[in-house]
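J.:
In our numbering, the protein residues as written are 584 to 664.
This is the structure:
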């Protein structure tokens, strides 16, 4: 049920975004596959990027600590270009 709700939410967000908007969705726990775990796990943290430049922005993301620098670089490049 949670996955279906998330799927519907993401579908609506992506359908309603402007063509020049990057959408970034992530979370701070990698335990989506086992919701009984309430703390941080060693599992990968899911991150979804969609929109212009998403592949380039995603290249630098390997773990949670990479998300802020990757999105900051994306924004700065957009301000310069």
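All residues carry an ideal CB built from backbone N, CA and C; glycine is no exception. Note that the structure is a prediction, hence the values are computed from the model and not measured.
Look up residue 647 in the DSSP assignment and say whether it is helix, strand or coil.
T.: Position 64 of the chain shown holds residue 647. Note: residue 647 maps to helix in three-state DSSP.
J.: Indicate whether the contact test is met: 3 or more Cβ pairs, each with one atom in the stretch 644-655 and one in the stretch 623-632, closer than 8 Å.
T.: These segments touch.
J.: Which same chain residues end up closer than 7 Å to residue 642 when comparing Cβ atoms and leaving out the 5 residues on each side of it in sequence?
T.: The residue labelled residue 642 in the question sits at position 59 within the chain shown. Result list for residue 642: empty, nothing under 7 Å.
J.: Leaving aside the five residues before and after residue 600 along the sequence, list all residues of the same chain whose C-beta is less than 6 Å from its C-beta, in chain order.
T.: Taking the chain shown and counting its residues from 1, one reaches residue 600 at position 17. Closer than 6 Å at the Cβ level, and outside the excluded window around residue 600, lie 606.
J.: Quick check: what's the CA-CA separation for residue 602 versus residue 617?
T.: Here residue 602 corresponds to residue number 19 of the chain shown, with the count starting at 1. Here residue 617 corresponds to residue number 34 of the chain shown, with the count starting at 1. Whole-angstrom Cα-Cα distance: 34 Å.
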